[in-house]
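Asker: Got a structure for you, written out below as C-alpha cells; questions coming shortly.
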Amino acid sequence: MSDDIARLKEIEQRLLWLSCWTIHNANHLRPVQDGDVKVGGHQASCASIVSIMTALYFAVLRPEDRVAVKPHASPVFHAMQYLMGNQTREKLENFRGYGGAQSYPSRTKDIDDVDFSTGSVGLGVAITAFASIVQDYLSAKPWAKKRAVGRMIALAGDAELDEGNVYECLQECWKHDLRNTWWVIDYNRQSLDGVVREGLWRRIEAIFGAFGWEVVRLKHGVLQRAAFEEPGGAALCDWIDRCPNQLYSALTFQGGAAWRKRLMDDIADQGDVTGLLERRSDGELSELMNNLGGQCVETLSAAFAAVDHDRPTAFLAYTIKGWGTPLAGHKDNHAGLMTAAQMAAFQENMGVAKDAEWDPMATIGDPAGLRAWLDKVPFFSRGTRRQQAPKIAPAGPVLLDDREQSTQGGFGKILDQLARSGSPLAERIVTTSPDVTVSTNLESWVNRTGLFARDIRSDTFRDEHIPSTQKWRFSPHGQHVELGIAEMNLFLLLGAAGLSHSLFGERLLPVGTVYDPFVARGLDALNYACYMDARFMIVGTPAGVTLAHEGGAHQSVGTPLIGMSQDGLAAFEPAFLDELAIVMDWSFDYMQRSGENDPDERTWLRDETGGSVYLRLSTRVLEQPAHRDSKAFRQGVIDGAYWLRQPGPNCEIVIAYQGVVAPEAVEAAGRIGNDRRDIGVLAVTSADRLNAGWHAAVRMRKRGFSSATSHVERLMAELPSHCLLITVIDGHPASLSWLGSVGGHRTVPLGVEHFGQAGTIADLYHHFGIDADAIVSAASALSAGRTIALKAMT
Ligand SMILES: Cc1ncc(C[n+]2csc(CCOP(=O)(O)OP(=O)(O)O)c2C)c(N)n1
Ligand SMILES: [Mg+2]
144 MSDDIARLKE IEQRLLWLSC WTIHNANHLR PVQDGDVKVG GHQASCASIV SIMTALYFAV
204 LRPEDRVAVK PHASPVFHAM QYLMGNQTRE KLENFRGYGG AQSYPSRTKD IDDVDFSTGS
264 VGLGVAITAF ASIVQDYLSA KPWAKKRAVG RMIALAGDAE LDEGNVYECL QECWKHDLRN
324 TWWVIDYNRQ SLDGVVREGL WRRIEAIFGA FGWEVVRLKH GVLQRAAFEE PGGAALCDWI
384 DRCPNQLYSA LTFQGGAAWR KRLMDDIADQ GDVTGLLERR SDGELSELMN NLGGQCVETL
444 SAAFAAVDHD RPTAFLAYTI KGWGTPLAGH KDNHAGLMTA AQMAAFQENM GVAKDAEWDP
504 MATIGDPAGL RAWLDKVPFF SRGTRRQQAP KIAPAGPVLL DDREQSTQGG FGKILDQLAR
564 SGSPLAERIV TTSPDVTVST NLESWVNRTG LFARDIRSDT FRDEHIPSTQ KWRFSPHGQH
624 VELGIAEMNL FLLLGAAGLS HSLFGERLLP VGTVYDPFVA RGLDALNYAC YMDARFMIVG
684 TPAGVTLAHE GGAHQSVGTP LIGMSQDGLA AFEPAFLDEL AIVMDWSFDY MQRSGENDPD
744 ERTWLRDETG GSVYLRLSTR VLEQPAHRDS KAFRQGVIDG AYWLRQPGPN CEIVIAYQGV
804 VAPEAVEAAG RIGNDRRDIG VLAVTSADRL NAGWHAAVRM RKRGFSSATS HVERLMAELP
864 SHCLLITVID GHPASLSWLG SVGGHRTVPL GVEHFGQAGT IADLYHHFGI DADAIVSAAS
924 ALSAGRTIAL KAMT
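Under this note's numbering, residues 144 to 937 are what the sequence shown spells out, in order.
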C-alpha cells in the first residue's frame, strides 16, 4: 500500500468517526428541552459516502473544482472541513441546532465554503451541469479573466436519480455539449424507504450513455479483485454479481458468520471456493464482502485520476449504506441512529479514546506527519474558494417614448436598447428562456447579441436568404442561452449563472423569461436558487387572466403571492413603461449588492443586501402616462407604491391597484368622483416590497424602535379612518387585501380566485369582477353616500 493510500485510509476513518459522532452528539449528548424531537440520524448515509469523499477531496480535486454534496452527507462535509481547520468544534457540537452546522450543506448558512447548497434531492445534482455551462460561457468571453477550468461535481445519492429534473437536465445539457461535469453516484441501493429495484444500474448506464456520458462502474474494491484472482475467486465474483440487492444488504447487516453460511450453502465445493472462504476469519470475510468499489479509496482515487478527457462522466460507485457501522445494510437505516451501546462499541472499534472524541487527530499515530500531508492537499491549498467580482453600475433607466405599449413589449425594447448601447452592463447580461424567447419579446435582444454555443452554428434560413425576423446565430460570443421547455432547467441555469461572481469571480446579470403560470413549474428550483443567494432577474410574462384568449391553462392567478412569499426575491408588477424602466435599472444594481448594513430606515427594507428580482408583466397594451421623472416618483416606484391620484383631505375612497388593471382603477376613480369626495388612486408597483417593509417596521417597533415607519404606513397615514379601500389586481386578491390592516381601513379586495377561461379582456375582467364597474359597484355598495350609477353594460 502506498503512503498516500495509507493516508487516505486514515482520513476516511477519521471522517467516518467524526460524522457519526457529530450526529450521535446532537441526539444523545446535546441538552435538549422537553418535547424536542430527535434530529435526523443519517449516520448510514454518511458512512456510505466517506470513502468517495475522502478519495475525491484529498486525492483528486483541485481548487477550481466545485462540488454539490448529497444532503445527508452534510456531517461528512463538515467533519472534513473541521479536520482542515475550516469548521469549528462549537458548530459541530451544535449540528442541526440553532446557529450550528447545517443539516444539509448550505452556502448561505454554513461557514465552511459550501459550493452548492443541497437538500431538495436532485437539484444539487443538476446545478453542477448548469454551472459547467456557465463556466464555458465565461471562458468564451473576451472580458472574462483567464482561469483554470474546473470540474463541476455532484455527489449524488442513488435515489436522487428518481427526480425528474435530473433527466430534464441530462437532455438539455446534451444539447449544450456538456463537459467537465462528474456525477459520482453513491450506489448503496437504498433510498429512504427501502432497497431499490434490482438491475437499476443497467437503466442508469443506458440513460447516461444515451446522452453521451461516460459511465464508470466501480463495483469491486481491491480486496475483492484480489480474491477473484485466487483459486475459486471466479465463483465468488459470479455469486456477487448475481446476488440480489436485498440479500446483499441483509447479509451485510448480519455480518461475517452469516456471509460464511450463505456462501458455503451456495457455492462451497470442497475445493478452491471452500478454501478461499476458509482462509478468512468471519471478520475478514465480512471486510471482503464490504469491500465494494465505492468503499475503497484506492479503487476510487485510481478511477478518478484515470479520467483524461473532459466528457461528462458518471461514476456508479457501489457502496454500503451504514458501511463500517452496526447499521450497515439494514433496509430501515436511513434515519437510523446507533444506540448509546452501539456507539460505545463503535468507538472502541474505531480506537477513539474517551474524551478524545472531538480531537481531529485522535487515532492518528503520526499527527504531525498527517498534518504536513494535509497541508499539501491541492483542493484546500488556496484557502477559501469563494470569489468576488466588482459591481458594474447601471447607466440609468431606459425611458421609452411609446404612447401605447405593454410592459412585455417595453421589456423587450429596453433590453434591445441596452444591447445597442454595448455598455459594460449590457455585456454582462445573459438571457435565457425555455423555448419562449420569441413569445416573451426577447427576440430583438437575441437578434442583436446572438445565441451562445461553444462552436459557431450558422442560421441556415439566413444563409439561404429566406426572410425571417429571427437571426439565430450561435457562437461563443452569443449572450442568450436557449433552453428547451423545462422550467426547472431555467431556474437551475439562473441559479448557476446567478452565482457566477462567487463561483467564478465574474459578474453575470442573468435574465430569464417564462410564461407567468409556469413559474410554478420550476418553483422548487427557484426557491433553491434563492436559498443559495444566486442573483438573477426572472420575468413572468404574460401574466394573469389578461392573457384573455389563451384560457385558464395559461393564465396565472397565484404568482403575486409567490413573489411576496419567496425569500430573496423582490417582486414587481409595473403597469407603465417608465415604472418598468426604473425598476429594471434599479434591479441590475440590486442584483449586485452584497452589503451587510442595517435596514434602510426610510423603508425598513434590507436593500443593502441585494437579491434577485421577479417582474410580472403583461401583453396588454396600455396608453402611457405623460412624462414623469421626479425623484419622488422614482422612489415610490422602487419602494412599492405612489399616489397616481393624491387623495384629498376628506378622502372617502382609495382604489389601490397593482399592474395591468391600472386603466380600470383610473376609470372607476373618475366615475366615483362625482359622488364621493377626494378619491385617491394608489399605484402599487410592488406589493412584495410594501408588505416586507411594513412587517419589518412592525417588528422594529416591537423591539422598541418606536419611530420605525414603513413606506406603506406613511401612505396610509394620510387617509381618514372612515375611508374605504378597494384593492384590485389581476391575480389573487390576498396580494393586496392586507393593505387594509396597515391603517385599519375597511377593505374590499377584488381579484381572481378561480381558474381563468378564454374570452376578451373585457369579458374576463367582468367575469372576475376586476373591471371598472366592479370597482364602482363596490364603492357604491360599501361606502356611505348615494348610489353611484353604473354605466350601461356593453
Ligand atoms: C425533493 C425531496 N423529496 C424528499 C426528500 C426526503 N429525502 C431525503 S433523502 C431521501 C432519499 C435519499 O436516498 P439516496 O439519495 O439514495 O441517499 P442515501 O441512500 O445515500 O442516503 C429522501 C426521500 C428530500 N430531501 N427532497
Ligand atoms: Mg441511496
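Note that the Cβ used here is the ideal one computed from N, Cα and C, for glycine as well.
#1: Examine the Cβ distances between the segment 684 to 692 and the segment 890 to 904 and report whether three or more of them are shorter than 8 Å.
#2: Tell whether a beta-carbon distance below 8 Å holds between Gly655 and Ser576.
#3: For Asp415, which of helix, strand or coil comes out of DSSP?
#4: Judging by CA-CA distance, which residue of Leu637, Phe661, Pro685 is the nearest neighbour of Met675?
#5: Quick check: what's the CA-CA separation for Val581 versus Ile557?
#6: Give the single residue among Gln560, Gly627, Arg250, His910 whose Cα lies nearest to the Cα of Ala724.
#7: Spatial neighbours of Glu861 within its chain, please: CB distance less than 7 Å, with the 5 preceding and 5 following residues excluded, ordered by chain position.
#8: With which residues is Ala299 paired in a DSSP beta bridge?
#9: Where does Gln709 sit, in a helix, a strand or coil, going by DSSP?
#10: Is Phe489 helix, strand or coil by DSSP?
#11: Out of Ala877, Thr456, Ala446, Ile463, point me to the one whose CA is closest to Leu394's CA.
#12: Beta-carbon of Asp412 versus every beta-carbon of chain B: anything under 8 Å?
#13: What residues in its chain sit with their C-beta under 7 Å from that of Thr937, if we drop five residues either side in the sequence?
#14: By a C-beta neighbour count over all protein chains shown, 10 Å radius and 16 as the cutoff for buried, is Asn476 buried or exposed?
#15: Where in the segment 763 to 824 do unbroken runs of the beta strand (DSSP E), each at least 3 residues long, occur, reported from the N-terminal end onward?
#16: If you drop the 5 nearest sequence neighbours on each side, which residues of the same chain put their C-beta closer than 8 Å to that of Lys845?
#17: DSSP state of Met936, grouped into three classes?
#18: Name the two residues that bound the continuous beta strand (DSSP E) containing Ser755.
#19: So, using beta-carbon positions, are Val573 and Tyr280 closer together than 8 Å?
#20: Under 8 Å, with one C-beta from each stretch per pair, do the segment 260 to 273 and the segment 658 to 678 reach the 3-pair mark?
#21: Looking only at DSSP bridge pairs, what is Ser618 linked to?
#22: Looking at Lys464 and ligand 2, is the gap between the Cβ and the nearest heavy atom below 7 Å?
#23: Excluding five sequence neighbours on each side, which residues of the same chain lie with their C-beta closer than 6 Å to the C-beta of Ala538?
#24: Should the segment 154 to 172 be called in touch with the segment 203 to 223, which here means at least 3 C-beta pairs below 8 Å?
#25: Cβ of Ser576 within 7 Å of any heavy atom in ligand 2?
#26: Candidates Ala922, Asp258, Ser191: which alpha carbon is nearest Gly823's?
#27: In terms of residues, what are the limits of the beta strand (DSSP E) holding Glu357?
#28: Can Ser334 be considered in contact with ligand 2, in the sense that its beta carbon sits closer than 7 Å to one or more heavy atoms?
#29: What is the residue span of the alpha helix (DSSP H) that Glu625 lies within?
#30: What are the boundary residues of the alpha helix (DSSP H) that includes Ser880?
#31: Is Asp475 near ligand 3, judged by its Cβ being under 7 Å from some heavy atom?
#32: Does ligand 2 have even one heavy atom less than 7 Å from the beta-carbon of Asp305?
#33: Report buried or exposed for Gly364, applying the criterion of at least 16 other Cβ atoms within 10 angstroms of its Cβ.
#34: Using only CA atoms, which one of Ser611, Asp425, Asn433 lies nearest to Ser392?
#35: Could you check where the alpha helix (DSSP H) with Ala835 kicks off and where it finishes?
#36: Excluding sequence positions up to five away, which residues of its chain have a Cβ less than 6 Å from the Cβ of Ala302?
Answerer: If we stick to the structure as given:
#1: yes
#2: yes
#3: helix
#4: Leu637
#5: 15 Å
#6: Gln560
#7: Pro790
#8: Ile328
#9: coil
#10: helix
#11: Ile463
#12: The structure shown contains no chain B; it holds only a single protein chain.
#13: Low confidence applies to Thr937: its pLDDT is 45, below 50, so where it sits in the model is not reliable, and the reading given next is rough at best. Within the same chain, Thr937 has no close Cβ partners at all.
#14: buried
#15: 784 to 788, 796 to 801
#16: none
#17: For Met936, the predicted model reports a pLDDT of 47, less than 50, meaning its position is unreliable and no value from the coordinates is stated.
#18: 755 to 759
#19: yes
#20: yes
#21: Phe595
#22: yes
#23: Ser566
#24: yes
#25: no
#26: Ala922
#27: 357 to 361
#28: yes
#29: It is not in any alpha helix (DSSP H) - Glu625 instead sits in the beta strand (DSSP E) that spans 623 to 626.
#30: 877 to 880
#31: As for ligand 3, it is missing from this structure, which binds only ligand 1 and ligand 2.
#32: no
#33: buried
#34: Asn433
#35: 830 to 845
#36: Ser334
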